[in-house]
Amino acid sequence: MTSIFDLYQTEEFRSELRGCQIFRLKYPRGGHYNDGFELLGELKFASGEELLKALDVLGVNYRVHSEKPQVWCPPPLAIGSKKYWVEYDSFVTCFGFKTYVKVGTCEPLLEFNFNSVSWYEVTLEDVKRAASFEKALALHNLL
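In this text, residue positions in the sequence shown follow my numbering: the first is 99, and each later residue adds one.
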């Protein structure tokens, strides 16, 4: 019986992953009961304004608050000379691809988790979807 780790060592899997520009395979750090492999992609932005524009292009629903809202939000994001809290939907469909999005506000960035079957394992199909998603990002001038 082969393990999921064996899949990650196959030439097909490694070749597909090498073709990705922003996605990488995150290995479990160990010691955590909920730690597993993740297929993560990251887009960094020069400013908070650029990050919000990207959310618009991606179709991610978000709300900007000038005061800290009652619901959980990441630390405030600098937009111009002011700081705002960004409340957003994490489970989204961007350009037809289902993904989990995390907004980074200390450093303006978006992180995409492309695990589709399990929070703990990455499939070859996940990597192929990530490569196709990157093409969509490029078509929309986000890559």
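Glycine residues also receive a C-beta, built at the ideal position from the N, C-alpha and C atoms. None of the values given here were measured: they were computed from a predicted structure.
Exposed or buried, residue i, counting other C-beta atoms within 10 Å across all chains shown (16 or more means buried)?
| i | result |
| --- | --- |
| R227 | buried |
| N213 | buried |
| Y218 | exposed |
| W183 | buried |
At the level of alpha carbons, what is the spacing between residue i and residue j?
| i | j | result |
| --- | --- | --- |
| Y106 | L150 | 34 Å |
| S216 | Y160 | 26 Å |
| E185 | Q168 | 10 Å |
| Y125 | S188 | 22 Å |
Cutting at 8 Å between CB atoms, please list the residues of its own chain near residue i, excluding the five before and the five after it.
| i | result |
| --- | --- |
| K233 | none |
| R112 | Y106 |
| C118 | G139, V225, A228, A229, E232 |
Which same chain residues end up closer than 7 Å to residue i when comparing Cβ atoms and leaving out the 5 residues on each side of it in sequence?
| i | result |
| --- | --- |
| D104 | none |
| D224 | L137, F212, N213, S214 |
| L235 | L241 |
With DSSP as the reference, identify every bridge partner of residue i, one or two as the case may be.
| i | result |
| --- | --- |
| N211 | L138, Y198 |
| H163 | W183 |
| K124 | E136 |
| L175 | Y182 |
Please list, in chain order, all residues of the same chain as residue i whose beta carbon is under 6 Å from its beta carbon, the five residues on each side excluded.
| i | result |
| --- | --- |
| G202 | none |
Can you tell me whether residue i sits near the ligand MN, meaning its C-beta is under 7 Å from at least one heavy atom of the ligand?
| i | result |
| --- | --- |
| C192 | With respect to the ligand MN, the structure shown offers nothing to examine, as it has no ligands at all. |
Does the pairing of the segment 130-145 with the segment 194-208 give three or more beta-carbon distances under 8 Å? yes
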